[in-house]
Amino acid sequence: MEDERSLPLKKHIVGLVPASHGGLVRKASQEYGISESDIIDMSASLNPLDSPFDHPEYGLDLSSLFAASKPGMYHYPDNRYLQYKEAAASFLGDGVSAVNIIPGNGSCETIRLVAECMLDTNDTVGIPQPTFDEYEQQCRIMGANIRYFEHEGLMDISDEALDDVKILFVCNPNNPTGKLIPRDDILDLAKRCEANGTLLFVDEAFIELADPLQSVADMAATNDHIFVLRSLTKNFAIPGIRLGFGVASEKMAVALNTARLSWNLGSVPDVVGTALLEMEGGCYSKYLAESRSFIEQERDYLVERLSGIYGFKPLPSTVNYVLVDISELLMDSVELTERLASHGILVRDCSSFYLLDNDFIRIAVRTRDETDHLIRAIGDVLTESGKDYAEEKLKQTIECAASGEPASRNTCEYYPCHFQCQDCTFCFCPFYPCEDPRTGGSWIESTTGSKVWSCEGCTIIHRKEIVQDVLKILMRDIETEDNLKVAWDKIMVPNL
């Protein structure tokens, strides 16, 4: 393999790690052999009402827009994008004009543009964590240094900490936590940033799906130290058509429009984006108002269902995704997301987010039917993982006994004892699920809506004499499955 040091690239570029994102439907389809149409994607946070093109009542026809964009395919686009800028300004409302708009080919391109135009090597940017990976990625490409802050303490950042920070990125509502900082607090932070010569970059990609009244886009139009990013991808559920825009003061917008890539919007996104932004009512159109109402209703349902499952702690959210604490589960976020993907359900593993480790997943708000599919899949995954974990524990138990370590245990860190002096050698029953009611076990209704075999009423595998006899059989040099059948027939059945 060619030595990376010989590549004609900047050294820090060679070592870059790609930013992590959700929405990897095709990859999951290929990896797990599931048709793309059979996968429910709850890893990408898109409007669960689907695009307005899927609802005739909103008066937009995608085929007509494609046809309208066809003549533009034979010419270079007008790099001024006058109609798109006018539509974006109208969408935001009073205080913003077309001269304040910077068209963007999605959020990532606009983040890159601002970083390119502001940062020199070894400049410092501030990023409250956890948050969207692309801020750090695009700034590192420019050779900048990253200073992390905790998002919870964002309003308490000291002037000393801001002193040499060129850009402070704030995602509002934050991704992945779903927390929305009130407008007045953002404006207070903006005053401090301006006093320190810091650009406050406010990413409002999800604000139309939360509360557009908290936007500071109007202030960005007159303040050289505030930049606001908006996205059409999430609001209108069109991730395949890369669309967004920035809002800045007129002087700053002129400079950024000069510096951005020429013709960064092709004819199709230009026409489609303009039509979406021209919907009557802008941020308060019927479509977006109904989207916010639908999201609130379905988010409450998602949180309610998740809250009933042990080990799942959904955190408060204002938008169309929910961060879930799974730190009490036996499996971590990597294993859980992989197991759910094998069942055709994609959720976002949050281990790539700074500070979250392997203890959190992010789940997009979807339709009720899709949420019910998720809950059933979680039930299946928990059952599967319990069996797998029991098998692993059984192997460890047999290995310990074979090595001469004491086979008897009178304590168990997982479950309360059934009776005094019980033997906890088998922390997880090797016969689970036996489905034999003579043991005292039974089928019960689980919180995920399915039936699950409960061993709560069974004590037989915790009796010391039975444990020892079962262990003797399991330690024979024969396949574990065969030994389990023999142990069940010779030891368990006579004692039922």
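Taken in order, the sequence shown gives residues 1 to 496; the numbers are from the UniProt record's numbering. Don't be surprised by glycine CBs; every beta carbon is placed ideally from N, CA and C. Since the model is a prediction, treat every value here as computed from it, not as a measurement.
How about residue i and residue j: do their beta carbons lie closer than 7 Å?
i	j	result
D164	T121	no
G344	D38	yes
I361	V381	no
I146	I167	no
D349	V365	no
I181	V216	no
I241	V271	no
S97	I238	no
P173	F206	yes
residue 515	L199	In the structure as shown, the chain starts at 1 and stops at 496, and residue 515 therefore has no counterpart that could be examined.
S293	N47	no
Q129	Y354	yes
I363	M42	yes
G95	A221	yes
D203	L162	no
W488	F426	no
S454	I444	yes
L474	I398	yes
G246	I141	no
V268	S69	yes
L306	P314	yes
S371	L265	It is worth fixing the name first, because residue 371 is Thr in this sequence and not Ser. It is not a contact, given that the beta carbons lie outside the stated cut-off.
P71	W263	no
Q214	R192	no
Relative to the alpha-carbon of residue i, which residue among the options has its alpha-carbon at the smallest distance?
i	options	result
E479	Q83, E391 and D94	E391
K387	C434, E399 and L374	C434
L356	I111, F132, N47 and I13	F132
P437	M492, A144, D482 and C400	M492
G153	I141, K179 and F206	K179
Q396	L315, M142, L471 and R305	L471
E31	R368, S293, I375 and S342	S342
R376	R26, P130, I40 and G33	I40
E338	Q137, I378 and P314	I378
L232	D332, C429, T110 and I326	T110
F91	A275, E160 and L394	A275
E456	V467, I473, L474 and C429	C429
R26	P212, E36 and I473	E36
K464	K451, H418, M155 and I34	H418
G311	E280, D159 and D359	D359
D211	N223, V99, E57 and N235	N235
L394	T383, C424 and S64	C424
G59	E280, C193, A28 and M331	E280
H21	S385, S352 and M155	S352
S169	M219, F149, F201 and N223	First, the residue type needs correcting, since residue 169 is Phe and not Ser in the sequence shown. Taking only the C-alpha atoms, the option nearest F169 is F201.
T459	K451, S450, V452 and S442	S442
M155	L189, C108 and C400	L189
C139	I157, S158, F149 and C108	C108
Q451	D300, V486, T383 and D469	As written in the sequence, residue 451 is Lys, which differs from the Gln given in the question. The shortest C-alpha separation from K451 is found at T383.
What does the Cβ neighbour count give for residue i, buried or exposed, with the cut at 16 atoms within 10 Å?
i	result
K490	exposed
G15	exposed
E208	buried
R80	exposed
G104	buried
H462	buried
L49	buried
K11	exposed
R476	exposed
H151	buried
M1	Reliability fails at M1, whose pLDDT of 46 lies under 50, so the model's placement of it is uncertain and no value is given.
E134	buried
G106	buried
D482	exposed
C421	exposed
R368	exposed
L7	exposed
N100	buried
E160	exposed
V17	exposed
A44	buried
P494	exposed
E298	buried
* Asked: Is the segment 284-294 touching the segment 249-263 in the sense that three or more CB pairs, one from each, lie closer than 8 Å?
  -> no
* In the segment 66-95, which residue ranges form an unbroken alpha helix (DSSP H) of at least 4 residues, counting only runs that do not cross its ends? -> Listed in chain order, the alpha helix (DSSP H) elements of length 4 or more contained wholly in the segment 66-95 are 82-92.
* Kindly confirm or deny that the segment 314-328 and the segment 84-97 touch, where touching means at least three C-beta pairs closer than 8 Å. => no
* Touching by the beta-carbon criterion (3+ pairs, under 8 Å), the segment 112-119 and the segment 257-265 -> yes
* To do: Could you name each continuous beta strand (DSSP E) segment of 3 residues or more that falls completely within the segment 134-221, going from the start of the chain to the end?
  => 145-150, 165-171 and 199-203
* Asked: What are the uninterrupted segments assigned as alpha helix (DSSP H) that are 4 or more residues long and contained completely in the segment 4-58, given in chain order?
  -> 11-14 and 25-32
* Sequence ranges, alpha helix (DSSP H) only - wholly within the segment 263-351, length at least 4 -> You should have 267-277, 286-307 and 333-342.
* Every unbroken alpha helix (DSSP H) within the segment 423-459, with a cutoff of 4 residues, ordered by chain -> Contiguous alpha helix (DSSP H) elements confined to the segment 423-459 do not occur, taking only those with 4 or more residues.
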